[in-house]
Amino acid sequence: MNERIYINEVAPRDGLQIEPVFVPTTEKVALIDAISATGVAAIETTSFTSSKAIPSLADASDVLAGIHRHKGVRYVALVPNQRGAERALESGADEYNLVLSASDSHGLANLRMTPWQSLERLEGVIAHVRARAPATIFNASISTAFGCPFEGPVAEAKILGIVERLGGLGVDGISLCDTTGMANPSQVSNLCKHVLTHHSELRLTLHLHNTRGMGLANALAGWQVGVVHFDAALGGLGGCPFAPGASGNVCTEDLVHMFEEMGVDTGVDLEALIKVAQTLPTLLGHEMPGQVVKAGRANRRYPTPKSAV
Ligand code: COA
Ligand code: ZN
């Protein structure tokens, strides 16, 4: 079993994209700066999407211009198309997270493209960026990889075909995304095993939503077959506005707590992370689904009640 895992904190992007309130740019920058100091490997900072599609992230360029970059942290931006890539190029993001869907229906709802149309377009985007900024890292996130809210199950062979094509396009990594929390641990284990075996050249990340309470179980199943990169969102924020029923990502502090309790190094200072998570209810005006913030760590001790003495 791997003794070290790596966290990509996605709350500033996947978390804020579904929030009804527009978080002011200075607050977003402060949040990202606070997360930068916790030891996460990467932060998905924002997305260069159309502001009509995702109004809450319309300030993507200003966010990236405002943050203080910490050594050792990769700053990622979501890029859906050529126009997004042009904007990202000016922002100096370290890594572009390209997105496509595994299912036609979600692809059309989210990006107005089927998976195969996306792959054609992304080929052009990668070539365009590589010609201008050769050091750019590319990740490709495959939404609905474990099931689509419109179509139901997505054949494993289809996912593997998409991964194969993405490998051919020269991406550095892929994320298998459980956009609406449909995955179960057996499914995660099987698909991850396949991808790790046949595409060891690609960095594999699991992007899990906790919509049906299976987020941590799925993360554990992935880790048990060799996955070491996980997306997670502080507080358990998140969801895709174009996938009905979508709700929060697996919660970063809960994920870090689980792995640290198991003796797996996450690189993250859990106390520092919890402090940042505690700021979210005030920032966003509602409670968070995350549990460790409420319950405290497993090593928390309450005073012994008198009756038990
Ligand atoms: N950044 C800013 N504006 C963009 C843009 C981008 N990356 N891509 C398109 N636009 C603008 C165009 O300039 C155009 O603006 P106009 O109406 O003022 O002329 C408008 O959006 C439509 O452009 P078009 O090329 O027809 O794109 P589209 O309508 O097919 O939209 C997407 C495609 C991908 C940009 C859009 O569907 C989108 O942003 N979806 C959000 C995806 C997402 O982030 N989902 C959640 C995470 S998975
Ligand atoms: Zn997501």
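According to the working numbering, the sequence shown holds residues 778 to 1086 in order. Ideal placement from N, C-alpha and C gives every residue a C-beta, glycine not left out.
Between the region 994-1009 and the region 1056-1075, do at least 3 Cβ pairs fall closer than 8 Å? no
Could you pull out every unbroken alpha helix (DSSP H) segment of at least 4 residues lying fully inside the region 808-885, listed in chain order? 837-843 and 859-868
Which residue wins for smallest C-alpha separation from Gly924, given the options His976, Trp1000 and Asp881? Asp881
Can you tell me whether Val856 sits near the ligand ZN, meaning its C-beta is under 8 Å from at least one heavy atom of the ligand? no
Please list, following the chain, all residues that have a C-beta closer than 6 Å to any non-hydrogen atom of the ligand MG. Of the ligands this structure carries, namely the ligand COA and the ligand ZN, none is the ligand MG.
Please determine, among Thr815, Val876 and Leu943, the residue with the shortest C-alpha to C-alpha distance to Lys848. Thr815
For Ala994, which residues of its own chain have a beta-carbon under 7 Å away from its beta-carbon, when the five flanking residues on both sides are left out? Pro962
Among Asp1008, Gly1016, Pro1021 and Ala1020, nearest to Asp1031 - alpha-carbon criterion: Asp1008
Under the criterion of a Cβ to heavy atom distance below 8 Å, does Asn916 qualify as lining the ligand COA? no
Alpha carbon to alpha carbon, how far is Gly792 from Pro911? Give it in angstroms, no decimals. 29 Å
The ligand COA and Val876: does the residue's C-beta get closer than 8 Å to at least one heavy atom of that ligand? yes
Flag Asn785 as yes when its Cβ comes closer than 8 Å to any non-hydrogen atom of the ligand COA, and as no otherwise. no
Using alpha carbons as the reference points, say which of Arg909, Ile914, Ile936 and Val840 lies closest to Tyr873. Ile914
Going by DSSP, what residue range makes up the alpha helix (DSSP H) through Leu1050? Leu1047 to Ala1054
Own chain residues within Cβ distance below 8 Å of Val776, not counting five before or after: The question about residue 776 has no answer, for the chain in this structure spans 778 to 1086.
Would you give the residue range spanned by the alpha helix (DSSP H) that Asp1031 belongs to? Thr1029 to Glu1038
How do the region 838-855 and the region 799-806 stand: do at least 3 beta-carbon pairs fall below 8 Å, yes or no? yes
In this structure, how does DSSP classify Thr802 when only helix, strand and coil are distinguished? helix
Taking the alpha-carbon positions, what's the Val861 to Val902 distance? One detail in the question is off: residue 861 reads as Gly in this sequence, not Val. Near 9 Å, if we compare the C-alpha coordinates of Val902 and Gly861.
If we ignore side chains and look at the alpha-carbon of each, how far apart do Lys970 and Arg889 end up? 31 Å
Taking Thr826 and Pro789 to be in contact with their CB atoms under 8 Å, please state how far apart those CB atoms are, rounded to whole angstroms. Incorrect: roughly 14 Å between the Cβ atoms, too far for contact.
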